[in-house]
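Peer 1:
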Amino acid sequence: MFTPQLVHDAGKAQPVTRDRLIRLPEVLRLVGVGKSTWYTLIDQGKAPRGVQITPRCVAWSESACMAWVQARLADAQRGAPQA
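Numbering-wise, numbering that gives the first Met the number 0 puts 24 at position 25 of the sequence shown, and it's gapless, one number per residue.
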């Protein structure tokens, strides 16, 4: 999903990870939980907080949401309690 790309700056290539902001419907599809569960996890500090874009618009970092999903998968593989 995320492909590091090289950015050339003064002759030095540096990997850069592109990120984007995604809105709630896409977040919920990505993480696989419902709206109230997602907000409960945020309130408990167990999920990433959104970014206020405008007074009525909140979005989440796609990479933060993907990292959250990957952490849940790693927990499941280790047999750790779920969030």
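Glycine is no exception: its CB is placed at the ideal position from the N, C-alpha and C atoms.
Considering only residues of the region 6 to 65, which uninterrupted beta strand (DSSP E) runs meet the minimum length of 3 residues and lie entirely inside it, listed in chain order?
Peer 2: Within the region 6 to 65, the complete beta strand (DSSP E) runs of at least 3 residues are 11 to 15, 50 to 53 and 56 to 60.
Peer 1: Taking three-plus beta-carbon pairs below 8 Å as touching, is the region 15 to 35 in contact with the region 47 to 61?
Peer 2: Yes, since at least three Cβ pairs between the region 15 to 35 and the region 47 to 61 fall closer than 8 Å, the two stretches touch.
Peer 1: Can you give me the C-alpha to C-alpha distance between Gln69 and Cys56, rounded to a whole angstrom?
Peer 2: Cα-Cα distance, rounded: 26 Å.
Peer 1: Roughly how many whole angstroms lie between the Cα atoms of Gln43 and Ala75?
Peer 2: Approximately 19 Å, taken between the alpha carbons.
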